[in-house]
Amino acid sequence: MRNQKSPWTRDVIGFLWGTVILVILICGAFEWFKYDELASRVQAQAKTVATEYAGTIARRLFNQFTELEFIGVSLLSPAPDGTIAPSPRTVRALYRFMALHPSLYAFNVQSPDGNNIIWSTQAQPKRPITLANGFTPLASHPQYLLGHPGYAARVHSYAITMRFRDIGADGKTRYFVGTPYRLDRL
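If you read the sequence shown in our numbering, its first letter stands for residue 4, the second for the next number, and so on.
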């Protein structure tokens with residue numbers, strides 16, 4: 004009896020397996036390139052969103068600084084004896100402003116050394132949340148000082164402290180106008 008050869012020889016089976024493996028490799032490479040393309044697109048979109056968000060935060064902080072400067076320069080002025088006590092009209096304006104801006108806890112007038120609260124829209128300890136050595140001036144506006152973010156017990160929230168330094172004609176600090184800015188409202 005003669006052995007009949009099967010139509011499926013080793014060569015044919017090897018060829019079919021090779022073809023299957025080649026198709027799997029091509030599909031895998033295609034999927035890898037698609038994944039890489041998608042990951043790059045997501046990363047670029049995330050960078051764009053983060054940049055826009057950072058810009059929004061920077062604008063809000065800068066607006067807050069300009070408001071502090073306005074209060075410090077326009078609404079407050081030292082009395083002839085050097086004391087700083089806002090007029091009743093200024094106090095009403097500050098309370099109205101705070102009612103429109105819930106991100107603010109209080110407006111504080113602080114001593115020239117920055118370590119004592121002289122006057123505030125909020126009853127609170129005389130020691131500020133952040134002492135003078137905890138602030139960093141902004142490079143483009145050295146009279147704008149930014150503290151470190153953290154939990155502020157008196158605000159019952161995470162906050163970042165901000166100050167405007169009012170400088171007199173003699174070049175010395177007359178006082179600071181500061182506020183803790185609630186981070187959850189940023």
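Here a beta-carbon is modelled for each residue, glycine too, at the ideal position from N, C-alpha and C.
Which residue's Cα is closest to the Cα of residue i: the options?
i	options	result
R95	G31, A47, L78	L78
N136	H151, S123, E34, I29	H151
E72	R62, V15, R168, P145	R168
A156	R130, A172, T139	R130
S106	G171, L28, H159	H159
Y154	A142, I132, R166, P140	I132
T182	L41, G171, L148, L28	L148
Just mark residue i as buried or exposed, buried being the case when its beta carbon has 16 or more other beta carbons within 10 Å.
i	result
F18	exposed
L33	It should be pointed out that residue 33 corresponds to Phe in this sequence rather than to Leu. Exposed: under 16 other Cβ atoms inside 10 Å.
Q48	exposed
F31	Checking the sequence, you will find Gly at residue 31 rather than Phe. Counting Cβ neighbours within 10 Å, G31 comes out exposed, since fewer than 16 surround it.
V52	exposed
N66	exposed
I163	buried
L97	buried
G75	buried
Sort out for me which residues DSSP pairs residue i with in a bridge.
i	result
M101	Looking at the DSSP assignment, M101 forms no beta bridge with any residue, so it has no partner.
V112	W122, V180
D169	Y178
R185	A162
T139	L149
Contact between the segment 111–118 and the segment 166–179 (3+ Cβ pairs under 8 Å):
yes
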